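Once you know that position 125 of the sequence shown is 126 in the working numbering, the rest is easy, because the numbers rise by one and skip nothing. We put the beta carbon where it would ideally sit given N, CA and C, even for glycine. Just so we're clear, the structure is a prediction, and the values are computed from it rather than from any experiment. Data block below; observations after.
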Amino acid sequence: LIEAKLQELQDKEGTEENVKVTMKDMGMERARHWGWPNVYVFTKALGEMVLIQEKEGIPLIVVRPTIVTSTYKEPFPGWIEGVRTIDSFIVAYGKGRLPYLSFDSETAIDMIPGDMVVNAIIVAMEAHTNQANVSIIYHIGSSVKNPVKLKVVHGIFYQYFTKHPWINKDGKPIVASYIKVLDSINSLNRYLTLRYLLPLKTHTWTGAGRSTTLCDYRTFTNPTCSAKPFMMIKTWRR
2 LIEAKLQELQ DKEGTEENVK VTMKDMGMER ARHWGWPNVY VFTKALGEMV
52 LIQEKEGIPL IVVRPTIVTS TYKEPFPGWI EGVRTIDSFI VAYGKGRLPY
102 LSFDSETAID MIPGDMVVNA IIVAMEAHTN QANVSIIYHI GSSVKNPVKL
152 KVVHGIFYQY FTKHPWINKD GKPIVASYIK VLDSINSLNR YLTLRYLLPL
202 KTHTWTGAGR STTLCDYRTF TNPTCSAKPF MMIKTWRR
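The following block contains the structure:
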């Protein structure tokens, strides 16, 4: 499928940007077709399948941590490298670039400190040393014994950046505010329509500012729409 699509784009002399966007969309389409929210988790699942099928007599342990956060204790509390997953939301909120989030406030979000993940991997390796033909999957999370709801995480964001505001490039603090929470598909659709679709239609008619509005619309809605079925789920509550 990928080779055929690439050949089709080459035959049409598509630009590099066009090829990039088309392949990203194709990846999302394939991921959703098989029940995954994005290409990232889809390819991780594919990797697990390949390992399990091709491992032959080699012992295999698959570790599936939930959202990995900064460390709890080792090498020191709060240590982290890079900005990934939930960290990107924290940074965006601190910079005032997170106008809304789409989730059910009562849903538990499963997060686990990085050092606990490492410790669990070491224990799993030791527990299955010299065990031939083993294939075991471990899920490492926190919500069974110590769940935290999304509304609590939201409050922590606000409290932290109220006390320690992000300083912008002009040296001025960015005032923290509560994020607009869209807790249903209907409220999300209404917000996207009023905030982006109607202005986009207006700009299309007048020819003014269309590209900027379209860019904003894609930036905010593409990740949101792909996550709608997962962030609105109400079955995992504690």
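Would residue i pass as a contact of residue j if the rule is Cβ separation under 9 Å?
i, j, result
"valine 20", "leucine 7", "yes"
"threonine 67", "glycine 142", "yes"
"leucine 189", "histidine 155", "no"
"isoleucine 137", "leucine 61", "yes"
"leucine 52", "arginine 31", "no"
"glycine 95", "tryptophan 167", "yes"
"phenylalanine 162", "isoleucine 180", "no"
"alanine 125", "lysine 150", "no"
"valine 118", "valine 63", "no"
"aspartate 116", "lysine 74", "yes"
"phenylalanine 104", "leucine 183", "yes"
"valine 40", "methionine 29", "yes"
"aspartate 111", "serine 144", "yes"
"proline 100", "arginine 191", "no"
"glutamate 107", "lysine 152", "yes"
"histidine 140", "arginine 65", "yes"
Go to residue i, then tell me how far its beta strand (DSSP E) extends in each direction, as first and last residue.
i, result
"valine 118", "Taken as a continuous stretch (DSSP letters only), valine 118 belongs to no beta strand (DSSP E), being part of the alpha helix (DSSP H) at 115 to 128."
"leucine 61", "61 to 66"
"serine 103", "101 to 103"
Does DSSP classify residue i as helix, strand or coil?
i, result
"lysine 181", "strand"
"proline 155", "Note that residue 155 is histidine in the sequence shown, not proline. If DSSP states are grouped into helix, strand and coil, histidine 155 belongs with the helices."
"valine 69", "strand"
"tryptophan 46", "Note that residue 46 corresponds to alanine in the displayed sequence, not to tryptophan. Note: alanine 46 maps to helix in three-state DSSP."
"glutamate 18", "helix"
"isoleucine 81", "coil"
"valine 136", "First, the residue type needs correcting, since residue 136 is serine and not valine in the sequence shown. The answer is strand: DSSP assigns serine 136 an E or B state."
"lysine 150", "strand"
"lysine 6", "helix"
"isoleucine 110", "coil"
"isoleucine 175", "coil"
"threonine 236", "The pLDDT assigned to threonine 236 is 48, lower than 50, so where the model puts this residue is not dependable; a value taken from the coordinates is nonetheless given after this. Residue state, collapsed to three classes: coil."
"glycine 28", "helix"
"glutamate 55", "helix"
"arginine 98", "coil"
"proline 38", "coil"
Between residue i and chain B, is any beta-carbon pair separated by less than 9 Å?
i, result
"lysine 74", "The chain labelled as chain B is not found in the depicted structure, where only one protein chain is given."
How far does the alpha helix (DSSP H) with residue i in it reach, from first residue to last?
i, result
"leucine 189", "186 to 193"
"serine 240", "Nothing can be reported for residue 240: it is not among the residues displayed for the chain, which extend from 2 to 239."
Given the structure, does residue i come close to the ligand ZN, in the sense that its CB is under 8 Å from one of the ligand's heavy atoms?
i, result
"alanine 121", "This structure simply doesn't include the ligand ZN, nor any ligand for that matter."
Sort out for me which residues DSSP pairs residue i with in a bridge.
i, result
"isoleucine 168", "Pro174"
"isoleucine 141", "Pro66"
Legend entry - Inter-stretch contact at 8 Å, needing at least 3 Cβ pairs: the region 132 to 140 / the region 167 to 186: no
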